[in-house]
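Engineer: Here my numbering is used: the first residue of the sequence shown is 311, the next is one more, and so on. Here you go, one structure.
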Amino acid sequence: MKLSPREIEKIMIYSLASVAQSRKEKGIKLNYPEAVSIIASTAMECAREGNDLETVMNKSRDVLTKDDVMEGVADLIPQIQVEAIFTDGSRLVTVHDPIR
311 MKLSPREIEK IMIYSLASVA QSRKEKGIKL NYPEAVSIIA STAMECAREG
361 NDLETVMNKS RDVLTKDDVM EGVADLIPQI QVEAIFTDGS RLVTVHDPIR
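Okay, here's the thing in structure tokens:
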């Protein structure tokens, strides 16, 4: 199977997001890559489910709180940008202040 670099990147995001979700459920605080991956994965999945851009941004912003991540991680992530596939095509999603 031949995958494009973009497809490989999506697989890595989903894989790390799966690990991050498992750790979050166990009460383990997430590090920077785990936090970014879980937010990006949520945005991509919400878009695929047929939600509009505003809904995708809002749902992605509600995934993590400062209590879910290691100290200082929230400050390192002022925004996350991810290309997501919506029902009408691909668009860039920007999630501002993704960890509250």
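Where is the CB? At the ideal position from N, CA and C, for every residue including glycine.
Measuring only the C-alpha atoms, how far is Lys312 from Ile321?
Structural biologist: Cα to Cα, the separation comes out at about 13 Å.
Engineer: Taking C-beta to C-beta, are Val383 and Leu340 nearer than 8 Å?
Structural biologist: A contact, by the Cβ cut-off of 8 Å.
Engineer: How long is the line joining the alpha carbons of Ser400 and Ser332, rounded to whole angstroms?
Structural biologist: 28 Å
Engineer: Ordered along the chain, which non-local residues of its own chain (more than five positions away) have a Cβ less than 6 Å from that of Ala330?
Structural biologist: Leu340, Glu344, Ser347, Ile348
Engineer: Could you tell me which of Glu359, Ile318, Ser314, Ile409 sits nearest to Met380, measuring between CA atoms?
Structural biologist: Ile409
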